[in-house]
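**Q**
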Amino acid sequence: MKRFPFTTAGVQDANTYFYGLSDDALWAEVYAVQQDLKLWIVTYFDIHGQDLGCLQGFNAHTLFVLGNQLAVTLSLRLPFRLERRAIHPDISQLGAKRGKNHNPIGVQTTGPNAPLGEGELVYIIG
1115 MKRFPFTTAG
1125 VQDANTYFYG
1135 LSDDALWAEV
1145 YAVQQDLKLW
1155 IVTYFDIHGQ
1165 DLGCLQGFNA
1175 HTLFVLGNQL
1185 AVTLSLRLPF
1195 RLERRAIHPD
1205 ISQLGAKRGK
1215 NHNPIGVQTT
1225 GPNAPLGEGE
1235 LVYIIG
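So the number in our numbering is just where the residue sits in the sequence shown, counting from 1, plus 1114.
1) Tell me which same chain residues have a C-beta within less than 7 angstroms of the C-beta of residue 1117, skipping the five on either side of it?
2) Please classify residue 1142 as buried or exposed, where buried requires at least 16 neighbouring CB atoms within 10 angstroms.
3) For residue 1169, does the three-state DSSP call read helix, strand or coil?
4) Please report the distance separating the alpha-carbon of residue 1197 from that of residue 1239.
5) How big is the Cα-Cα spacing for residue 1185 and residue 1174?
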């Protein structure tokens, strides 16, 4: 199984890896993210120290929101990224930047095409 550093570059490499998967394989990852986000992250990312401690400290609500945001992002093959900034200790920020009007999904209402989306999911950690 491929593992990535929990860095900006590592997450960028993960985008390339996951979006190179077949549709069925990617959907398996989408479901894995929804079922257990913590397990999915530690399976694919080399995460340790304060980053791991922060992940382990997420409550159920945070995991639900972050997991579902990432699942939607993956399912639409939109970029996701990790950004490190100097912010107040003990605070992480999750930003979903979704298109010009913050509309996450543009839906094709006719025909067999899958929903389309624009934007990216950004996780900011200090």
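For each residue, glycine too, the CB sits at the ideal point set by N, CA and C.
**A** From the atom records:
1) Excluding residues within five positions, the ones whose Cβ falls inside 7 angstroms are 1158, 1159, 1160.
2) Burial is judged here by how many other beta carbons sit within 10 angstroms of a residue's own beta carbon; residue 1142 has fewer than 16 and is exposed.
3) In the structure shown, residue 1169 sits in a helix (DSSP, three-state: H, G or I).
4) Approximately 6 angstroms, taken between the alpha carbons.
5) Here the alpha carbon of residue 1185 sits roughly 16 angstroms from the alpha carbon of residue 1174.
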